[in-house]
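Novice: In our numbering, the protein residues as written are 50 to 190.
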């Protein structure tokens, strides 16, 4: 009987470790006054080491929207986001390389002159929705 219970425990633990579920991001862009038609949310999902897994575009229907990407295994990830206001499939940048459209990194990591460190972006996905607030680089439109 003990061996049966121990076997069931090991089976349950292995199922939980390999579990996957859709990853939901609750994105918002409070600094945007009006959502242009054709705008889209862009989500780039990376593994814990920062390697790109896949980029996901979503039609922007609202300035507050839930974005669900296909099932992912529980574990450590990083992600980057931007709101493509002119639907050119690119994060527009200014003369000095600063983003001109609202953007964010996971964990709301920010750095004024370069991409934030992976450590500051890393998050643990456990099946719960992840809240992300996209902002302009220098604030405001």
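By construction, the Cβ of each residue, glycine as well, lies at the ideal position given by its N, Cα and C atoms.
(1) Straight-line CA distance for residue 126 to residue 94?
(2) By the DSSP assignment, the alpha helix (DSSP H) with residue 167 in it spans what residues?
(3) What does DSSP give as the partner residue(s) for residue 133 in the beta ladder?
(4) Terminal residues of the continuous beta strand (DSSP E) containing residue 72?
(5) Which whole-angstrom value describes the C-beta separation of residue 112 and residue 77, a residue pair presumed to lie in contact below a C-beta threshold of 8 Å?
(6) Between the stretch 70-88 and the stretch 172-181, do three or more beta carbon pairs fall short of 8 Å?
(7) Three-state secondary structure (DSSP) at residue 113?
(8) Determine the direct distance from the alpha carbon of residue 153 to that of residue 159, and round the result to whole angstroms.
(9) So, with DSSP's three-state summary, where would you put residue 163?
(10) Residue 147 to residue 124, Cα distance in whole Å?
(11) For residue 170, is the classification buried or exposed, using 16 other Cβ atoms within 10 angstroms of its Cβ as the cut-off for buried?
(12) Have a look at the DSSP bridge pairing and note the partners of residue 126.
(13) Distance check for residue 68 and residue 131, CA to CA, integer angstroms please.
Specialist: Looking at the coordinates:
(1) 7 Å
(2) 167-170
(3) 89
(4) 69-77
(5) 6 Å
(6) The answer is yes - the stretch 172-181 touches the stretch 70-88, with three or more Cβ pairs under 8 Å.
(7) strand
(8) 8 Å
(9) Looking at residue 163 - three-state DSSP - the assignment turns out to be coil, as it is neither helix nor strand.
(10) 31 Å
(11) Looking at its Cβ environment, which holds 16 or more other Cβ atoms inside 10 Å, residue 170 is buried.
(12) The secondary-structure analysis by DSSP pairs residue 126 across a beta bridge with 96 and 172.
(13) 28 Å
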